[in-house]
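Below is one structure, written out as structure tokens, with a few remarks after it.
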Amino acid sequence: MDIFQSTSESGILTLTLSGKLDAETTPHFAEVLDGSIERGERRIILDMSALDYVSSVGLRALILGAKRLAPLDGRMVLCGPQDRIMKLLEISGFTSIFTIAATRDEAAETLR
Amino acid sequence: MSDLTAVFRNQRSEIQRLGELAERFGAGEHLGDDEVMAINLVLDEMVANIIENAYDDQGEHEIHVSLARHGDTLTIRIEDDGRPFDPVQAPAPDLDLPLEERPIGGLGIHIVRSVMDAVDYRRQDGRNILTMRKTLGRS
């Protein structure tokens, strides 16, 4: 899995994930996400459009990240999941705890 | 009709091989990406659970996995010699809870039960035998 980080002028951090978010790769992702929150990032977009696979280990890391951000007045928005990943997010009840945007622009809009 | 079997050791490094098995089976059966991902997920969730939780000792154990297709029915069978564990009886997570109260765990088995059409468990001769079925070509 690769993670690309970019910060927009408006101060929104976008983490772009590609490949697999599973038991092997999630520890690295969790480290990057935790590090971002620690250094003060409060508005985070997780671009999932290039993500092919997510297991429950990866989903747990998403919940943990959101739980860390909430008391800090922070928010994480998911964007662009492929259909089969979206189905998994629905099965896992993520649609009621995360905003899931179709595009990055739409995600940024919800964080403004 | 085709069958694919493989043996995994109770080590976390084996998880990657599960994905390879799912892909090999999918390629042989001309399955779509969605179905390959579903098989990978089911293997990943259940075998990882066995590796993490089934053994009290530090010894090496074998986990037997088989994938079979008969007509449009996919059968996934996982057999281990760990402590008894019936995932069919595991409580379903409450997915209506707000973020603050949402538990971190419990999703893996829920996902497996959602992805597959039937999950059967039996304990036989000191072994857990999990047989899961799904009708292919239907989401």
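Those protein sequences? They're chains A and B, same order as listed. Sequential numbering from -8 applies to the first sequence in this note's numbering. Sequential numbering from 86 applies to the second sequence in this note's numbering. By construction, the Cβ of each residue, glycine as well, lies at the ideal position given by its N, Cα and C atoms. Nothing here was measured: the structure is a model prediction, and the numbers come from that model.
For residue i, three-class secondary structure by DSSP
i, result
"A:Met39", "strand"
"B:Leu126", "helix"
"A:Ser(-3)", "strand"
"B:Ala203", "strand"
"B:Ala153", "strand"
"B:Asp141", "coil"
"A:Met77", "helix"
"B:Asn134", "helix"
"A:Phe20", "helix"
"B:Leu184", "helix"
"B:Arg94", "strand"
Partners in chain A for residue i, counting only beta-carbon separations shorter than 7 Å
i, result
"B:Gly193", "Ser47"
"B:Leu187", "It is worth fixing the name first, because residue 187 of chain B is Arg in this sequence and not Leu. Ile54, Ile88, listed in chain order."
Residue i versus residue j - alpha carbon distance
i, j, result
"B:Leu159", "B:Val204", "12 Å"
"B:Arg168", "B:His149", "15 Å"
"B:Ile163", "A:Leu79", "22 Å"
"B:Ile214", "B:Val173", "12 Å"
"B:Leu152", "B:Leu106", "9 Å"
"A:Asp13", "B:Ala133", "11 Å"
"B:Ala139", "B:Gly104", "21 Å"
"B:Arg218", "B:Arg154", "10 Å"
"B:Arg212", "A:Thr16", "31 Å"
Expected contact under 8 Å - CB spacing of residue i and residue j to nearest Å
i, j, result
"A:Leu42", "A:Ile76", "6 Å"
"A:Ser46", "B:Glu130", "6 Å"
Contact check, residue i vs residue j, beta carbons under 8 Å
i, j, result
"A:Leu102", "A:Arg66", "yes"
"B:Leu282", "B:Leu221", "As shown, chain B starts at 86 and ends at 224. That puts residue 282 of chain B outside it, with no answer to give."
"A:Leu8", "A:Gln(-4)", "no"
Residue i at chain D interface by Cβ criterion, 8 Å
i, result
"B:Glu130", "Checking the listed chains, one finds no chain D in this structure; the protein chains it contains are A and B."
Residue i: contacting residues in chain B (beta-carbon distance under 9 Å)
i, result
"A:Gly84", "Pro178, Asp179, Leu180, Asp181, Leu182, Arg187, Leu192, His195"
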